[in-house]
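A.B. asks: Questions regarding the structure given below will be posed in turn.
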Amino acid sequence: MKKIAVIIALLSVALSVNAAEIPEKTKAVLAKIEKANESLSTISSPVTETRMMPNGKEFVSTGNFYFSSPNLLAIRYIDPAGDYLVINTTEIAQKKKQGKTFKFSLKKNQSMQDLSNTLLWCISGKLIKLAEANDAAVSTSEANGIITVVFTAEAKNGRDFKKVELTYDKSTLRLKSMAMTGKNNIVTKYSMDKPQYGAQIDASLFQVK
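The opening position of the sequence shown corresponds to residue 177 in this note's numbering, with each subsequent residue numbered one higher.
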């Protein structure tokens, strides 16, 4: 299963060190984001996914993104219609337009549990835990009302990614975009347009039929 990801950009001046040595200034930024998202219950938003291949080719998909705290995530695609990515309490599943469907038990597959944790921590703002679990270096920067946080995992230690980039609105500290560079150097960029917070989400969206 090709790993998922989500990207951003916009920065300057970054601090970069191993997770165990996160400087207080950087850790304070991460803690501030985490605290601001403690009350986050749901996110729903139109989403654009851009998958960037190592050879420069790009593939764009569109759909709707859903998150319900603490551990439910779904992307239901409009184009290609019928595709999906779902994480719920028991499994992670993905259907792609080629007709392939992947489904893994989180209880039985540790690598998929790790991937699930990584995605959920990114979305819910549990950034210190994300850095520590992946022994990742962390950098933070701020420009034009956007806070950017970048995680870089050492090849021998990184479990799910080489790099994750997250951007947050400085005023609300809510996630604007998320990107993951997989070990295969494929970058998937998810951009959320006009996200809504706290709205009720139909539970069926997190079910795999």
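Using N, Cα and C, we set each Cβ at its ideal position, and we do this for glycine too.
On a CA-only basis, which of Trp297, Asn264, Ala319 is nearest Leu381? Give me that one, please.
C.D. replies: The shortest Cα separation from Leu381 among Trp297, Asn264, Ala319 belongs to Asn264.
A.B. asks: If you reduce the DSSP assignment to three classes, tell me which class Ala204 lands in.
C.D. replies: Helix at Ala204.
A.B. asks: When you compare each of Tyr253, Lys279, Lys203, Thr224 to Lys370 by their alpha carbons, which one comes out closest?
C.D. replies: Among Tyr253, Lys279, Lys203, Thr224, the Cα nearest to that of Lys370 belongs to Thr224.
A.B. asks: If Ile304 and Glu210 are in contact, beta carbons under 8 angstroms, what's the gap, nearest whole angstrom?
C.D. replies: Confirmed, about 7 angstroms.
A.B. asks: Does DSSP put Gln376 in a helix, in a strand, or in coil?
C.D. replies: Correct three-state label for Gln376: coil.
A.B. asks: Count the other CB atoms within 10 Å of the CB of Gln270; is the residue buried (16 or more) or exposed (fewer)?
C.D. replies: Per the 10 Å Cβ criterion, buried.
A.B. asks: Can you pull the DSSP bridge partners for Leu349?
C.D. replies: In the DSSP output, where bridge partners are listed per residue, Leu349 has none listed.
A.B. asks: What are the boundary residues of the alpha helix (DSSP H) that Leu296 is part of?
C.D. replies: Where Leu296 is concerned, the enclosing alpha helix (DSSP H) stretches over 286-300.
A.B. asks: According to the Cβ coordinates, are Ile254 and Gly239 closer than 7 angstroms?
C.D. replies: Yes, they are a contact pair.
A.B. asks: Would the beta-carbon of Ala309 fall within 7 angstroms of that of Phe327?
C.D. replies: Contact flag unset, no.
A.B. asks: Could you tell me if Val205 is buried or exposed, where buried requires 16 or more neighbouring beta carbons within 10 angstroms of its beta carbon?
C.D. replies: Classification for Val205: buried.
A.B. asks: Examine the Cβ distances between the stretch 340-350 and the stretch 244-259 and report whether three or more of them are shorter than 8 angstroms.
C.D. replies: No: the two stretches stay apart, fewer than three of their Cβ pairs being nearer than 8 angstroms.
A.B. asks: From Leu295 to Ile268, what distance separates their C-alpha atoms?
C.D. replies: Their Cα atoms are separated by approximately 11 angstroms.
A.B. asks: Would you mind stating whether Thr218 and Ser244 have Cβ atoms separated by less than 7 angstroms?
C.D. replies: For Thr218 and Ser244, yes; Cβs fall inside 7 angstroms.
A.B. asks: Buried or exposed, going by whether 16 or more other CB atoms sit within 10 Å of the CB of Asp259?
C.D. replies: Buried, because 16 or more other Cβ atoms sit within 10 Å of the Cβ of Asp259.
A.B. asks: Measuring alpha carbon to alpha carbon, tell me which of Phe337, Met368, Ile198, Ile377 ends up nearest Asn360.
C.D. replies: Of the candidates Phe337, Met368, Ile198, Ile377, the one whose C-alpha sits nearest the C-alpha of Asn360 is Phe337.
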